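In our numbering, the protein residues as written are 1 to 451.
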Amino acid sequence: MEPTEKKIGELVETTAQAVAPFSEKALSWLSAGSTYSQAGYILLSISLAWGITWIIHTVYSEIADPKKSITPFSRPWFLKRSGRLICPFLTILFLNLMEPIAYKYLDNQAVIHAAQRVAYVWMLWVILKAYITNSIVRTVGVWLLVPASLLQMFGLFDDAVKYLESYGFKLGDVEITAYTFLKAIFFICIIFWIGKIIRNTAERYIRDKQSLTRTTQELLIKVFDILLYSILFLITLNLVGIDLTALAVFSGALGVGLGFGLQKIASNFISGIILLTEKSVNINNLVEMNDGVHGYVRKLGARASIVETFCGKEVMVPNEDFITSRVANLTHSNPKGRISIPIGVSYDSDLHKVRDLILAAVNSYEPAIKEEEDYQPGCYLREYGDSSVNFLLTFWIDDVTQGRWCAQSDVMFKIWDSFKEHNIEIPFPQRDLNIRTTQEQIFPAPVQQTA
């Protein structure tokens, strides 16, 4: 016999030996007459549960699936999700009510007991599908918790654990088995899902505190995140059964590797803490980055901050860029902003009159600051250009976040109308050309040909 065929034969024999007890029990159930009577009881219980559920859903439309979308975790949401539990709950109830009848008229109730166990696992599956909104946690619960519950109900859980623990490897003094791996997946998903709920609740509580500044709120949220997830990590290791002292050497090597590989992430995280403590950049500040990103700071994250540009793009800027590069914060201490407009007029214009018209135009613009001495509008003669006499108008507005282009455009329209009214010319570029060649050089005389 070939080695491969021998291995296949051994595998088939082992499988047959493992399945033999279950097949013998199934054959004994099928050969017993009480099995079919119990199946009738089970079918009757399921039919009654399904019928009553249909009636309840028909009469009370609130617990049926709504035709329109509903807000998660609201009262209609809970009613609709709870409606899914009616059928498995009634099935369990009727199976328990049928049990005394089976004791009275039947010698064996094993099938009914098995159906009860399956019904409890069905109820657990429906609860997971109904109330767990996180897709990862729901998937882990359906594929790990439900099979584990089913094995526990039939007394096969310990055998399954022993089988899974037979496959594994050692990492230092820590033994990693298939059972440890499955436990780790389950507890990581559950613990960190609960941690996310706690984190969101704490974040809402901190943000509702109006006595705290926005920067203090962001700092408290970050500190809470660090403490919470550190505690959750230690709890998860304890639940999985991994001793932290056994991982001391491994964690030291891992820490060195992470130090080199994740130094940018660590740098951005520390930069985020620095930004929150020194308050150089706050939420809704108007900033201009060194690389040309210009917009409002909408979020100060742990790794990166979000800057919303004027065209609606949300740019994720690493926190390190706010610390190591030059950043113009246009609203750090006050929201005032200065606007500059270059203006050129013809050399034939009355320059004193031009200056008066420009100042009159900006003074008639309501959003411009005119009363405060340090923010008075100014008009300056800058240079005698090649084609025009160039002025520079500067004025301030109260809130630069309302936009500078709009203010600049409004004032330029006023200046244009005023120049048109007073016949002030805004010239085109002009050049003087001096031609120094003679007419004979341009149009040379024709050469006479001799005979």
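Glycine residues also receive a C-beta, built at the ideal position from the N, C-alpha and C atoms.
Since the model is a prediction, treat every value here as computed from it, not as a measurement.
For A115, the closest of W54, L44, V400 by C-alpha to C-alpha distance is L44. Taking the CA atoms as reference points, I231 sits about 38 Å from G312.
Each of L228, D291, Y167 was checked against the Cα of D321, and the nearest Cα belongs to D291. The beta-bridge partner set that DSSP reports for V287 consists of G295, N329. Y120 is the residue among Y120, G272, I323 whose C-alpha sits nearest the C-alpha of F89.
Scanning its chain for C-beta atoms nearer than 8 Å, with the 5 sequence neighbours on each side dropped, one finds around R138 the residues L128, K129, I132, in chain order. Pairing R355 with G378, the inter-Cα distance amounts to about 9 Å. Between V111 and T35, the beta carbon gap of about 6 Å places them in contact (Cβ cut-off 8 Å). Following the DSSP letters along the chain, one finds N268 inside the alpha helix (DSSP H) bounded by residues 263 to 278. If you draw a 10 Å sphere on the C-beta of K183, you find 16 or more other C-beta atoms in it, and that means buried.
Rounded to the nearest whole angstrom, the C-alpha separation of L228 and I265 is 19 Å.
Looking at the DSSP output, T394 shares a beta bridge with S340, G378. Inclusion of S349 and I424 in the CB contact set at 7 Å is warranted, their separation being smaller than that value. Membership of V142 in any beta strand (DSSP E) is not indicated, and neither H nor E is assigned to it by DSSP. A check of alpha carbon separations from T331 across L359, F310, E288, K370 identifies E288 as the nearest. As DSSP reads the structure, M316 sits in a beta bridge with I306. Residue V389 holds the alpha-carbon nearest to the alpha-carbon of G344 among K370, T58, V389.
In this chain, the alpha helix (DSSP H) harbouring F192 covers 178 to 207.
A contact is defined here as three or more CB-CB pairs under 8 Å, and the region 391 to 410 meets this definition with respect to the region 332 to 341. If you draw a straight line from the Cα of R75 to the Cα of A202, it is about 23 Å long.
According to the DSSP secondary-structure assignment, Y384 is paired through a beta bridge with V389. Of the candidates F224, A361, G301, N284, the residue whose Cα lies closest to the Cα of G195 is F224. Burial check for L156: the Cβ neighbour count within 10 Å stays below 16, so the residue is exposed. If you draw a 10 Å sphere on the C-beta of V59, you find fewer than 16 other C-beta atoms in it, and that means exposed. Here DSSP, grouped into helix, strand and coil, assigns E175 to strand. In this structure, the beta-carbon distance from P429 to S364 does not fall below 7 Å. One Cα belongs to A102, the other to D159, and the distance between them is close to 30 Å. The beta carbon of I42 is closer than 6 Å to those of A115 in its chain, skipping five residues each way along the sequence. I358 is classed as buried because its beta carbon has at least 16 other beta carbons within 10 Å across all chains shown. With contacts defined as CB atoms closer than 7 Å, W77 and I86 fail to qualify as a contacting pair.
By the neighbour-count criterion, in which 16 or more other beta carbons inside 10 Å mark a residue as buried, G272 falls on the buried side.
In the three-state DSSP reduction, K170 falls in the strand class (E or B). Pairing F169 with I190, the inter-Cα distance amounts to about 25 Å.
Here V400 carries a helix assignment [DSSP, helix/strand/coil].
Going by C-alpha positions, T394 is about 31 Å away from V315. In the three-state scheme derived from DSSP, where H, G and I count as helix and E and B as strand, V121 is classed as helix.
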